[in-house]
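Working notes for the structure below.
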Amino acid sequence: MLFDYSKADADSVSEAVETAISRSEALIDGIVSVSGDRTLGNTMKPLEEVIRLGAIAYGQGPFLGQVAQDEEVRVAARAGEERLEKWGLDLISRRDLYEAVRDFSTRADVDISLNPAEEDDMVGEYARALEFALRDFRLAGHELSASDRARVQKLKSRLVTLGVKFSAALAEYEDYLEVSHQDLAGMSDSYIAQLKAGESEGTYRITMSYPDVIPFMENSPRRDLREKLAFKFGNRAREENTPILQEVLSLRARIAELFGVGSWAHYGMVTKMALSPEVVEAFYQSIEAPLTEAALLELEAMGRILEADGHPLPLQPWDRAYCHTEQLKREYQVDPLEVAAYFPLEQVVDGMFGITAQVFGLRYQPIEAPVWHPEVKAYRITDTASGELLAHFYMDLHPREGKFGHAAAFPLAPSGLDLEGASHRPVSAMVANLTRPTDEAPALLLHDEVVTLFHEFGHILHMSLSKANLARFSGSRTEWDFVEAPSQIMENWCWIPEVLERFARHHVTGEAIPSDLVSRLAEARNLNVGLFNLRQIMLGSIDMELHTTLNPVDLEDVLRQKSAIGLVPHHEGTFMPASFGHLLGGYDAGYYGYLWAEVFGQDMFSRFSEKGVLSAEVGMEYRRKVLEPGGTKDAHDLLVDFLGRAPENEAFFRKLGLGGC
Numbered sequence: 003m004l005f006d007y008s009k010a011d012a013d014s015v016s017e018a019v020e021t022a023i024s025r026s027e028a029l030i031d032g033i034v035s036v037s038g039d040r041t042l043g044n045t046m047k048p049l050e051e052v053i054r055l056g057a058i059a060y061g062q063g064p065f066l067g068q069v070a071q072d073e074e075v076r077v078a079a080r081a082g083e084e085r086l087e088k089w090g091l092d093l094i095s096r097r098d099l100y101e102a103v104r105d106f107s108t109r110a111d112v113d114i115s116l117n118p119a120e121e122d123d124m125v126g127e128y129a130r131a132l133e134f135a136l137r138d139f140r141l142a143g144h145e146l147s148a149s150d151r152a153r154v155q156k157l158k159s160r161l162v163t164l165g166v167k168f169s170a171a172l173a174e175y176e177d178y179l180e181v182s183h184q185d186l187a188g189m190s191d192s193y194i195a196q197l198k199a200g201e202s203e204g205t206y207r208i209t210m211s212y213p214d215v216i217p218f219m220e221n222s223p224r225r226d227l228r229e230k231l232a233f234k235f236g237n238r239a240r241e242e243n244t245p246i247l248q249e250v251l252s253l254r255a256r257i258a259e260l261f262g263v264g265s266w267a268h269y270g271m272v273t274k275m276a277l278s279p280e281v282v283e284a285f286y287q288s289i290e291a292p293l294t295e296a297a298l299l300e301l302e303a304m305g306r307i308l309e310a311d312g313h314p315l316p317l318q319p320w321d322r323a324y325c326h327t328e329q330l331k332r333e334y335q336v337d338p339l340e341v342a343a344y345f346p347l348e349q350v351v352d353g354m355f356g357i358t359a360q361v362f363g364l365r366y367q368p369i370e371a372p373v374w375h376p377e378v379k380a381y382r383i384t385d386t387a388s389g390e391l392l393a394h395f396y397m398d399l400h401p402r403e404g405k406f407g408h409a410a411a412f413p414l415a416p417s418g419l420d421l422e423g424a425s426h427r428p429v430s431a432m433v434a435n436l437t438r439p440t441d442e443a444p445a446l447l448l449h450d451e452v453v454t455l456f457h458e459f460g461h462i463l464h465m466s467l468s469k470a471n472l473a474r475f476s477g478s479r480t481e482w483d484f485v486e487a488p489s490q491i492m493e494n495w496c497w498i499p500e501v502l503e504r505f506a507r508h509h510v511t512g513e514a515i516p517s518d519l520v521s522r523l524a525e526a527r528n529l530n531v532g533l534f535n536l537r538q539i540m541l542g543s544i545d546m547e548l549h550t551t552l553n554p555v556d557l558e559d560v561l562r563q564k565s566a567i568g569l570v571p572h573h574e575g576t577f578m579p580a581s582f583g584h585l586l587g588g589y590d591a592g593y594y595g596y597l598w599a600e601v602f603g604q605d606m607f608s609r610f611s612e613k614g615v616l617s618a619e620v621g622m623e624y625r626r627k628v629l630e631p632g633g634t635k636d637a638h639d640l641l642v643d644f645l646g647r648a649p650e651n652e653a654f655f656r657k658l659g660l661g662g663c
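In the numbering used here, the protein residues as written are 3 to 663.
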């Protein structure tokens with residue numbers, strides 16, 4: 003039975019967290035009080051149940067801080083998130099619990115009883131769980147002195163508080179650019195219709211939501227207004243979050259010092275595929291040169307657009323999106339607004355369901371379920387062949403005040419077995435900020451929004467198709483720099499003519515998208531690919547620069563220096579890191595994972611390219627070998643199993659149109 007979100011209030015949010023903590027405390031008390039031999043049943047199984055209870059509590063409580071309409075509920079949910087995370091820190095810092103798990107690991111027969119090679123998957127998962135638990139205890143400081151361990155715990159507790167504050171400041175931040183109807187020349191009627199009214203009669207507000215900002219930056223010929231809007235957008239939550247970020251970086255450096263490692267990145271990356279920042283630097287160096295060569299030519303082409311419109315060079319940050327759109331129109335005869343007319347939201351969702359149902363052997367059914375907002379829709383996923391229930395998920399796709407401002411997939415309940423051996427299927431939610439419907443038209447998605455939808459649905463499938471028996475390994479709980487691969491692979495279907503022609507139909511006439519328009523759209527896929535990916539390297543380099551030193555850094559100096567990588571000048575007076583949620587959202591010393599994972603995503607998609615982009619044979623193999631295992635195996639092993647070889651980067655460079663490297 004799904005959780006009743008319609009009845010969630012501030013009290014229920016707190017109760018969800020406190021109930022999970024209370025039940026978990028009883029289990030932990032049982033573990034540490036064992037007097038006889040330590041076994042799976044009295045040590046590892048209750049420990050894994052604690053992890054499962056915490057994951058469920060997040061979905062019923064803290065998650066609502068991202069989506070609840072009631073501010074009181076959001077505040078309570080964030081307090082619950084802080085409470086749950088700090089309790090988790092207290093738990094992993096407990097010496098008696100560490101000693102219990104350590105003692106279990108040193109049993110004379112433990113290697114035999116937990117041999118991953120045995121046929122019983124549960125045996126192998128518990129062996130991996132034991133390995134991960136011991137690693138987590140080490141990262142909590144159990145190989146340090148008691149005093150240093152206490153310092154680590156205190157510092158991490160403060161980091162939790164700061165992370166919640168950072169996220170809240172960004173979600174609750176409000177600002178807008180007030181414009182006249184004349185200022186909106188070049189913008190579509192549907193865009194203008196969804197804008198809020200301004201203070202003065204006949205004016206409009208362009209808020210900081212993506213459906214307001216992105217279309218304006220892409221389509222407005224008013225360079226002066228694009229600059230003003232970019233300035234506001236680039237300073238979101240600056241006053242609140244800059245001191246938070248500075249303190250966070252200081253605390254992370256102090257933790258790294260206590261562990262005697264070179265930096266926060268060196269401390270945390272032991273859990274990732276790349277293992278060290280040096281590997282990331284080598285990865286960037288391997289791809290930066292060909293991207294820069296392409297980007298320099300792209301800059302020249304964008305400059306010609308500016309000059310043709312009578313604007314002086316150089317290209318500025320507020321020009322990129324506009325010039326890109328103008329290139330689409332002038333060089334490829336692709337008007338993003340014309341394309342959007344063929345992508346009404348419900349039609350795109352149905353098409354996405356149809357494609358993934360065919361390729362992965364799935365069936366989707368909308369269901370009536372108590373949700374947190376009237377716009378939210380709930381679905382059930384079953385296996386086509388067996389009819390087995392696989393998962394439930396929610397879709398919350400439009401912006402509103404106080405809601406998470408970007409696009410993400412959230413795990414609400416894990417797959418796996420509980421302490422009594424009962425099986426549970428996962429629940430997740432896609433939260434996005436896509437274009438809204440208006441009184442005159444349905445929600446018409448820009449093609450970029452279609453790509454976002456498919457990307458996030460890749461995360462939903464990763465979470466939904468998990469066959470992991472332990473919550474610790476459910477769904478996307480893999481190495482953090484592999485998490486984006488199952489979402490990156492999904493983006494490919496958004497560019498393939500035979501796929502788009504299946505569901506892209508005009509919202510008024512019902513006519514299929516013209517094949518020549520689809521072909522031109524596909525041809526434009528790599529337009530400005532060098533600049534886009536250099537920006538990804540720039541963002542990843544900012545992240546790494548902040549996390550590979552133990553010394554204080556000048557944040558604005560780092561921002562200016564690393565902006566040079568992207569070849570576009572820094573927008574002076576703005577401070578993007580204050581709204582760079584990844585820095586405090588789990589991607590610290592990990593933003594590189596987007597490009598890193600795309601290499602794997604493209605390599606995996608090459609198998610579809612060889613066998614057929616809608617091949618159910620390849621799709622089912624991908625489902626079984628990559629999605630279903632979740633974190634039960636190392637990501638590298640999943641890749642080798644599916645690819646039949648070690649992963650390579652050739653497909654990544656082919657996708658970029660840059661050849662091999």
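Using N, Cα and C, we set each Cβ at its ideal position, and we do this for glycine too.
In the DSSP assignment, residue 257 falls within the alpha helix (DSSP H) that extends over 240-261. When 349, 369, 628 and 633 are compared, the shortest CA-CA separation from residue 471 is found for 633. In the three-state reduction of the DSSP assignment, residue 178 falls in the strand class.
Each of 549, 484, 223 and 544 was checked against the Cα of residue 562, and the nearest Cα belongs to 544. Apart from sequence neighbours up to five positions away, no residue of its chain approaches residue 141 with a beta-carbon distance below 6 angstroms. Annotation: residue 432 is outside any alpha helix (DSSP H); the continuous beta strand (DSSP E) that includes it extends over 429-433. Assignment of beta-bridge partners to residue 367 by DSSP yields 382. Taking the C-beta atoms as reference points, residue 474 is found nearer than 8 angstroms to residue 53. According to the DSSP assignment, residue 208 belongs to the beta strand (DSSP E) that extends over 205-209. Inclusion of residue 205 and residue 180 in the CB contact set at 8 angstroms is warranted, their separation being smaller than that value. Nearest neighbour of residue 104 by Cα position, chosen from 145, 74 and 78, turns out to be 145.
In the three-state scheme derived from DSSP, where H, G and I count as helix and E and B as strand, residue 589 is classed as coil. Within the same chain, and ignoring the five residues on either side of residue 370 in sequence, no residue has its Cβ closer than 7 angstroms to its Cβ. Per DSSP, reduced to three states, the secondary structure at residue 402 is coil, with no helix or strand assignment.
Looking at the DSSP output, residue 419 shares a beta bridge with 425.
The beta carbons of residue 641 and residue 602 sit closer together than 8 angstroms. Its Cα nearest to that of residue 194, the residue 441 stands out among 126, 441, 277 and 330. Runs of the alpha helix (DSSP H) spanning 4 or more residues and lying entirely within the segment 258-309 occur at 266-270, in chain order. For residue 315, no alpha helix (DSSP H) encloses it, and the DSSP letter there is neither H nor E. In this structure, the alpha-carbon of residue 458 lies about 28 angstroms from that of residue 334. By the beta-carbon neighbour count (other beta carbons within 10 angstroms, threshold 16), residue 511 is exposed.
If you look at residue 445, you'll find it isn't in any alpha helix (DSSP H); DSSP assigns it neither H nor E. If you check the CB distance, residue 476 and residue 417 come in under 8 angstroms.
Between residue 320 and residue 229 the beta-carbon gap is near 5 angstroms, inside 8 angstroms, which marks them as a contact.
In the three-state scheme derived from DSSP, where H, G and I count as helix and E and B as strand, residue 649 is classed as coil. Residue 71 places its beta carbon less than 8 angstroms from that of residue 402.
Residue 394 is bridged by DSSP to 382 and 429. Across the structure, residue 199 and residue 192 are spaced so that their CA atoms are roughly 14 angstroms apart. Non-local C-beta neighbours of residue 59 in its own chain, meaning closer than 7 angstroms and more than five positions away in sequence, comprise 18, 19, 22 and 86, ordered along the chain. The beta carbons of residue 92 and residue 274 sit no closer together than 8 angstroms.
Across the structure, residue 28 and residue 51 are spaced so that their CA atoms are roughly 11 angstroms apart. Apart from the 5 residues on each side of it in sequence, residue 305 sits with its Cβ closer than 7 angstroms to the Cβ of 315 and 317 in its chain, given in chain order. Within the segment 489-538, the complete alpha helix (DSSP H) segments of 4 residues or longer fall at 499-505 and 517-525, listed in chain order. Counting along the chain, the unbroken alpha helix (DSSP H) around residue 463 starts and ends at 449-466. By the criterion of at least three beta-carbon pairs nearer than 8 angstroms, the segment 584-597 is not in contact with the segment 636-653. Each residue's CA atom was taken as its position, placing residue 281 and residue 546 some 12 angstroms apart.
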